[in-house]
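A.B. asks:
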């Protein structure tokens, strides 16, 4: 008797060309698995802009780095993601950008705003947390605009570990952002 085995499809960055022109969806690849989500809604994008603005204003004042909203990061052929917001120090940014100006390695801070749905939540809480941990992100914030909270993960040895869940009235600060202080309510 002959046995057949099927191996799961492993997606790569070059495979994304088949979706070129599709503006209704976002395509990300994590460990060769394709994640497709609809374009973020208005509230999601407003929260991303609020976070990006807070980080930009602090960055301008401190002169320590730059924030970006929705940058793509191509870690490898099988790991290509679009975080909602990132922040990188000037020193690290010089090492992260390829000749075309695209991120190819981990910024210090990555922020994901949860989109509704179990699949989206699993992607951000499991697949992306693992990826960012492996790739060297120093801090990861998961922002939940429905609960108006921020879950903070920080690098401890080689892994991102949960350190706090903050709510509207709480102040957010970070050891990687010296002097940064922000009420969580400013994000919403």
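Residue numbers (the numbering used here): 992 to 1179. C-beta atoms are modelled at their ideal positions from N, C-alpha and C, and glycine is treated no differently.
Among the residues of its own chain, which have a CB less than 8 Å from the CB of residue 1177, if the five just before and after it don't count?
C.D. replies: Around residue 1177: 1041, 1045.
A.B. asks: Just list the residues that DSSP pairs residue 1016 with in beta bridges.
C.D. replies: Per DSSP, 1029.
A.B. asks: Taking buried to mean at least 16 other C-beta atoms within 10 Å of its own C-beta, is residue 1153 buried or exposed?
C.D. replies: Classification for residue 1153: exposed.
A.B. asks: Alpha carbon to alpha carbon, how far is residue 1116 from residue 1007?
C.D. replies: Rounded to the nearest angstrom, the two C-alpha atoms are 23 Å apart.
A.B. asks: Going by CA-CA distance only, name the one from 1055, 1031, 1035 that's closest to residue 1170.
C.D. replies: Cα-wise, what sits closest to residue 1170 is 1055.
A.B. asks: What does the alpha-carbon distance come out to for the pair residue 1016 and residue 1031?
C.D. replies: In a straight line, the C-alpha of residue 1016 is about 9 Å away from that of residue 1031.
A.B. asks: Check whether the region 1106-1114 touches the region 1076-1089, counting contact only when three or more Cβ pairs, one atom from each stretch, lie closer than 8 Å.
C.D. replies: In short, these stretches do not touch, since the Cβ pair count stays below three.
A.B. asks: Kindly identify the DSSP beta-bridge partner or partners of residue 1155.
C.D. replies: BP columns for residue 1155 point to 1143.
A.B. asks: Nearest CA to the CA of residue 1146: which residue from 1161, 1126, 1053, 1051?
C.D. replies: Residue 1146 has its Cα closest to that of 1126, out of 1161, 1126, 1053, 1051.
A.B. asks: What residue from 1074, 1122, 1105, 1104 has the CA that sits closest to residue 1024's CA?
C.D. replies: Ranking 1074, 1122, 1105, 1104 by Cα distance to residue 1024 puts 1122 first.
A.B. asks: Where do the N-terminal and C-terminal ends of the alpha helix (DSSP H) with residue 1087 fall, by residue?
C.D. replies: Taken as a continuous stretch (DSSP letters only), the alpha helix (DSSP H) holding residue 1087 covers 1081-1087.
A.B. asks: Helix, strand or coil: how does DSSP classify residue 1111 here?
C.D. replies: Of the three classes helix, strand and coil, the one that applies to residue 1111 here is helix, per DSSP.
A.B. asks: Please identify the residue among 1165, 1140, 1113 whose C-alpha is closest to the C-alpha of residue 1175.
C.D. replies: Closest option to residue 1175, Cα to Cα, is 1140.
A.B. asks: Comparing C-alpha positions only, which one of 1072, 1136, 1134 sits nearest to residue 1002?
C.D. replies: Comparing Cα-Cα distances from residue 1002 to each of 1072, 1136, 1134, the minimum goes to 1072.
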